[in-house]
Amino acid sequence: MIGSRPLCPLCQYPILRCPCTHITTLKNQLNELNTSTLWNIPIVIIQDHKEALHPYNTVKLLKLIFPQIWILPRDFNAPISSDEFLNSLYKQQFPKDELMVWTLVFPKLYLNANDVRHKSLEKFPFSTDHKNIRQGLILIDGNWKKAKKLYFQSSFLKDLNHLEIQGSYPSHYAVRKSPKHKEDFLSTYEALSYTLKENHQEKIGDVLILGFQKIMNDWKNLSFEKSNE
Ligand SMILES: [Zn+2]
Numbered sequence: 002m003i004g005s006r007p008l009c010p011l012c013q014y015p016i017l018r019c020p021c022t023h024i025t026t027l028k029n030q031l032n033e034l035n036t037s038t039l040w041n042i043p044i045v046i047i048q049d050h051k052e053a054l055h056p057y058n059t060v061k062l063l064k065l066i067f068p069q070i071w072i073l074p075r076d077f078n079a080p081i082s083s084d085e086f087l088n089s090l091y092k093q094q095f096p097k098d099e100l101m102v103w104t105l106v107f108p109k110l111y112l113n114a115n116d117v118r119h120k121s122l123e124k125f126p127f128s129t130d131h132k133n134i135r136q137g138l139i140l141i142d143g144n145w146k147k148a149k150k151l152y153f154q155s156s157f158l159k160d161l162n163h164l165e166i167q168g169s170y171p172s173h174y175a176v177r178k179s180p181k182h183k184e185d186f187l188s189t190y191e192a193l194s195y196t197l198k199e200n201h202q203e204k205i206g207d208v209l210i211l212g213f214q215k216i217m218n219d220w221k222n223l224s225f226e227k228s229n230e
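As numbered in our numbering, residues 2 to 230 make up the sequence shown, in order.
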């Protein structure tokens, strides 16, 4: 059982899989790039509460890298209300008078093309008339079946700007079983990295993906060595 193993106090992953060395290298590489825009993009991850317990969950990796990530734990079977959602967003760091525009990263494939505000042809952050508007990203962390259910239950999410990843990328998240349609499957870490890569943060996206590949290689090798666990 992975869950009963001692955890690294820094990253909270099982010690055998501790990615701290790779994370330190990755953060040093990011610091050599111009990341001032990056750190100013608030990122919200709506996370299935079951997903949070998975030992290989990739949002924990993102949390080690990005200081401005908020995780909203959700029971994906319960409907999400806009009031509740907005409250959780606003009651934290941002001054009340700061205007926020949120963009949801979600594949168009699953949507009814007529009823969403998809802005995939325009790059994030989207142009606005007001300089004082801060633009943030929202991602959903959970399997697609649950993520879709949450999405369709939430009028609030449907009403946001939408952005989808344009390129088609192989997932390096090989430590978990992928769904039938492999080409649609990216981990939340990869989804955020490719979103940044395609939206003015190309080098940052590359550094993130390279670091991810190294961590996944370590994890894969461990899985092969200990295939009985
Ligand atoms: Zn660690």
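A virtual CB, placed ideally from N, CA and C, is assigned to each residue, including glycine.
Residue i to residue j span [Cα, whole Å]
i, j, result
"H163", "S82", "18 Å"
"S188", "S172", "7 Å"
"Y14", "I44", "22 Å"
"P126", "I205", "16 Å"
"N41", "Q69", "8 Å"
"Q48", "L161", "18 Å"
"L27", "P56", "21 Å"
"I244", "S194", "Because the chain spans 2 through 230 in this model, residue 244 falls outside it and cannot be assessed."
"P10", "T129", "43 Å"
"L138", "P7", "34 Å"
"D142", "N58", "9 Å"
"F186", "Q214", "16 Å"
"L17", "I216", "12 Å"
"D76", "F153", "14 Å"
"T25", "L100", "34 Å"
Per-residue burial, residue i [other beta carbons within 10 Å of its own, 16 or more giving buried]
i, result
"I166", "buried"
"A148", "buried"
"L63", "buried"
"P80", "exposed"
"Q202", "buried"
"Q23", "Checking the sequence shown, residue 23 turns out to be His, not Gln. Buried, since its Cβ has 16 or more Cβ neighbours within 10 Å."
"S37", "exposed"
"I134", "exposed"
"N200", "buried"
Per DSSP, the bridge partner or partners of residue i
i, result
"W103", "G137"
"L8", "P15"
Ignoring anything shorter than 3 residues or poking outside the stretch 10-80, list the beta strand (DSSP E) runs there in chain order. If we require 3 residues or more, the beta strand (DSSP E) runs fully inside the stretch 10-80 come out as 44-49, 70-75.
Complete runs of the alpha helix (DSSP H) confined to the stretch 120-170 [at least 4 residues]: Qualifying alpha helix (DSSP H) stretches, in chain order: 145-154, 156-159.
Below 8 Å, how does it come out for the stretch 148-160 and the stretch 211-224: are there three or more Cβ pairs, yes or no? Taking one beta carbon from each stretch, the stretch 148-160 and the stretch 211-224 have fewer than 3 pairs nearer than 8 Å; the two do not touch.
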